[in-house]
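J.: Below is a structure I'd like to ask you about.
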Amino acid sequence: MRLPSLSLSLRRLWALEKFGYSLRVLVALAGSMVLSWYLRQPALVIPLFLGIIASALAETDDSWRGRLVALAVTLLCFSIAAVAVQLLFSYPWPFAIGLALATFVLVMLGALGERYATIAQATLILAIYSMIAADQRGENLHVWRDSLLLVAGAAWYGLLSVLWNAIFTHQPVQHSLARLYRELGEYFRLKAALFEPVLQLDLEERRLELAQQNCRVVAALNETKETLLHRLGNRPAGGRINHYLKLYFLAQDLHERVSSSHYPYQALAEAFFHSNVLYRCQRLLKLQARACVELGTAIRLRQPFVYSEANAQAAKDLEAALAHLRQQNNPAWRGLLRSLRALLGNLTAMQRQLASASNPDALEGTQDSSLLDRQPQSLRDAIGRIRLQCTPTSLLFRHALRMTLALIAGYVVLHTVQPEQGFWVLLTTLFVCQPSYGATRIKLVQRISGTVLGLIAGWALFGLFPSQLIQALFAVVAGVVFFATRSSRYTLATAAITLMVLFCFNQVGDGYGLIWPRLIDTLLGSLISAAAVFLVLPDWQGRRLNQVVATTFSSNSEYLRQIMHQYQSGKHDDLAYRLARRNAHNAEAALSRTLSNMLLEPGHFRRDAETGLRYLTLSHTLLNYLSALGAHRESLADDARDPLLEDAARQLADSLDALAGALRQNQPVAVHSEAEEALAQRLEQQAPEDLDDNHRLLQTQLGLICRQLAPLRSMTAHLLKQDADRAAQPH
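Take the numbering used here: the last position of the sequence shown gets the number 774, and nothing is skipped along the way.
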């Protein structure tokens, strides 16, 4: 029994997302430490470690070929930065000008995508590391030695990363897919909570939780797409990557189906309070949630996925409960039962899809498996993207200007006050200053508290373990902990990196002497970051709420148009349809992130937060109704084509576009629309009995969408009125 248990434990350890990353860092740091001890030159540790850290921070997911190209670009940027620091370090004015230009240009490179933004950020980090090394050097060592060691450390880790990606090329895909299905399973679980057969249920709170979880699902979908795209390139999918691509498209379809709403849940609870049909729906969704999590675990551990037979039985029980309700022949339930039949069809389709996930290669291939590559395709495209961001209204431009001024302010402070180890002020400023006030506030608290914890732990460990060898081991372990926790537990990560710095400096000098300077520099850098984000073109989220909500309206409008096109031509998962669907979900995710940041801002600036949260729940409900249309999209029979439905869809899309335009241009909108009320009444009229189910479903869902416009219109008018009142107030 011990051997299988040990094998499973090792498999689970290997499958951890951070294990490979941490192992690479461990090998790189340990190798550098062994080299310095072997050469009996402990001074080599600091620049080598700092170079490894900068290279690891510059790492982004890619194929080994892409990683090799990225490494070459990274090393070139690092070399230029290190050389520039050495040449200008002794000349404060030219150095300040160079620092300002480099910071602004590097931050603006974020317009080209996450890969370029990450390399640019790491280049700034290495530049500050070069300043720290130059400040420590004095006049005793060779001028270029530390710069060469920094780049050498970066190259050492980069080569390890390329080699790892070449050997384990599919591991990041497995991790991203596992995370996607885990987040999807949580969405299933929260969706099941809406079917609680309880009267007076607080649906608003549960819908808000569902909308926030949808943001996490969308982020996981986007990350998985990028991971697959890096492996595919311009080549057709084949082999194992095709296996993972089908699992990704399966997750997309499951997401659309589970985010569907076929009728207001409170109305269903009131009508079928004495039936167990809603309980059956809830139970099946919970089982499917568990199946999604188990599928994610199977992908992560590379084990077979077995779909439980309990799910099939739950589906049969739900079908029997619905058949019992139909037998009662209650005329008041006729429309509700049609919605329940559509819901049953949707749940049954998800059951079939999850059951087939054990063999995704047998899944029906999509007609269009292309993925949209958002990376710049040419130098002209790259320059154009950067040029579009060169405006004060751009969030990236504001962040670039803010970061530039913050670093220059830090440089002025360290030359004015001349604190010991003063260049740590710039490093703290770089890490703490974030694009938004809320993110900066969180990072500031985490950075200060982590630094304090690290300094206290270092002070205690210096006395407990005076051996240089043991402290060297602690430095390596602390570096690994930093990278294992920096994206999830930043306070712990900051404490770990602080410990690593203390132990490294104690190899060549007095680690105790670094404790107070490190604390003071952290406080100064945090103060500068807070002042910059508060005073320099602050991005208060309430000021851009109108634009973010307008994007959700226009994206939902395009999604509706694409769905209606599919009802005319038949279901076809082409790139245009998938892009419209993803843009609609991305827009709602952006609204959720905006509101999360707004809630962290000072009270005066978050007064529209309640309105925004109401918008989020209404927007998610609208997207649920659209998703139900998308989940059931099939071409209508020729004799079932109805001008009413075509005109209704066109009018609804136009209304959404009109609301978006009013928000973008700050134009007033009517609280009530007679045309939309009349359209809703026409759509809610009893459809003729000879119409097919697709026609009935389409009419019902369009009616629900039309009814959703009224509260959205009211909230839009309220938000615009608030803006007008604030503009009219004397400043």
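Note that beta-carbon positions come from the ideal geometry of N, C-alpha and C, so glycine has one too. Because the structure is a prediction, the values reported are computed rather than measured.
1. Output the boundary residues of the alpha helix (DSSP H) element that contains TRP502.
2. When you compare only the Cα positions, how much space is there between SER757 and HIS715?
3. Secondary structure at ASN285, three-state DSSP: helix, strand or coil?
4. TYR350: buried (16+ other C-beta within 10 angstroms of its C-beta) or exposed?
5. Tell me the residue span of the alpha helix (DSSP H) that contains VAL455.
6. Quick one: measure Cβ to Cβ for GLN590 and GLU644, integer angstroms, because I've assumed they're closer than 8 Å.
7. Under a three-way DSSP split, which group does GLN710 fall into?
8. Between the stretch 121-140 and the stretch 220-233, are three or more C-beta pairs nearer than 8 Å?
9. So for THR212, helix, strand or coil by DSSP?
10. Could you tell me which uninterrupted beta strand (DSSP E) segments, each at least 3 residues in length, are contained entirely in the stretch 146-184, listed from first to last along the chain?
11. Taking 7 Å as the limit between beta carbons, can you name the residues of its chain near THR409, skipping five residues before and five after?
12. Can you say whether PRO282 is buried or exposed, counting buried as having 16 or more other CB atoms within 10 angstroms of its CB?
13. Can you tell me where the alpha helix (DSSP H) holding CYS547 begins and where it ends?
14. Taking Cβ to Cβ, would you say SER783 is nearer than 7 Å to ALA674?
15. Going by beta-carbon coordinates alone, are TRP207 and ARG67 separated by less than 7 Å?
16. Restricting to runs no shorter than 4 residues, where is the alpha helix (DSSP H) found entirely within the stretch 57-103?
17. Identify, in the order they occur along the chain, each residue of the same chain with its Cβ nearer than 6 Å to the Cβ of ALA760, setting aside the five sequence neighbours on each side.
18. For ASP682 and LEU745, I'd like the C-alpha separation in whole angstroms.
19. Any idea what DSSP makes of LYS268, helix, strand or coil?
20. Please state whether DSSP places ARG676 in a helix, a strand or coil.
21. Put HIS628 into one of helix, strand or coil per three-state DSSP.
22. Suppose the cutoff is 8 Å on Cβ atoms and the five residues either side in sequence are ignored; what does the same chain contact list for TRP187 look like?
23. Output the distance between the C-alpha atoms of GLN550 and ILE426, rounded to the nearest integer angstrom.
24. Who are the Cβ neighbours of SER569 in its own chain at under 7 Å, not counting the five residues just before and after it?
25. Find the nearest neighbour of ASP700 within the set ALA627, ALA574, SER598 and LEU562, judged by alpha-carbon distance.
26. Taking only the alpha-carbon atoms, compute the straight-line gap between LEU397 and ARG381 and give it to the nearest angstrom.
27. If contact is defined by three or more beta carbon pairs under 8 Å, each pair taking one atom from either stretch, is the stretch 168-175 in contact with the stretch 65-82?
28. If you drop the 5 nearest sequence neighbours on each side, which residues of the same chain put their C-beta closer than 7 Å to that of PHE525?
29. DSSP state of THR409, grouped into three classes?
30. Please state the DSSP three-state secondary structure of PRO686.
31. Buried or exposed: which applies to GLY613, given that a residue is buried once 16 or more other Cβ atoms fall within 10 Å of its Cβ?
32. If you count every other CB in all the chains shown that lies within 10 Å of the CB of THR436, and 16 or more means buried, which is it?
33. Checking 7 Å against the spacing of the C-beta atoms, do GLN325 and ALA235 come in under that value?
34. Note the first and the last residue of the continuous alpha helix (DSSP H) segment covering TYR306.
35. Can you list, in chain order, the residues of its chain with a C-beta nearer than 7 Å to that of ALA723? Leave out the 5 residues immediately preceding and following it.
36. Would you check if the stretch 661-677 and the stretch 603-610 touch, i.e. whether three or more CB-CB distances between them fall below 8 Å?
T.: To lay it out plainly:
1. 480-507
2. 7 Å
3. helix
4. buried
5. 438-460
6. About 17 Å; that fails the 8 Å criterion.
7. coil
8. no
9. coil
10. none
11. Note that THR409 has pLDDT 48, beneath the 50 cutoff, so the model's placement of it is unreliable and the number below is only indicative. Contacts found: PHE292 and ASP616.
12. For the record, residue 282 in the displayed sequence is Gly; it is not Pro. With fewer than 16 Cβ atoms within 10 Å of its Cβ, GLY282 is classed as exposed.
13. 533-551
14. The displayed coordinates of the chain run from 44 to 774. Any statement about residue 783 would go beyond what the structure contains.
15. yes
16. 60-81 and 88-100
17. VAL712 and VAL714
18. Residue confidence for ASP682 is low, a pLDDT of 49 falling below 50, so the modelled location carries little weight; the figure read from the coordinates is stated next. The straight-line gap from Cα to Cα measures roughly 20 Å.
19. helix
20. coil
21. helix
22. GLN129
23. 46 Å
24. THR471, VAL475, LEU487, ARG490 and ILE491
25. SER598
26. 24 Å
27. no
28. ALA536, ALA539, ILE540 and MET543
29. With a pLDDT of only 48 at THR409, under the threshold of 50, the placement of this residue in the model should not be trusted, and no figure is reported.
30. helix
31. exposed
32. exposed
33. yes
34. It is not in any alpha helix (DSSP H) - TYR306 carries neither H nor E in the DSSP assignment.
35. GLY746, CYS749 and ARG750
36. yes
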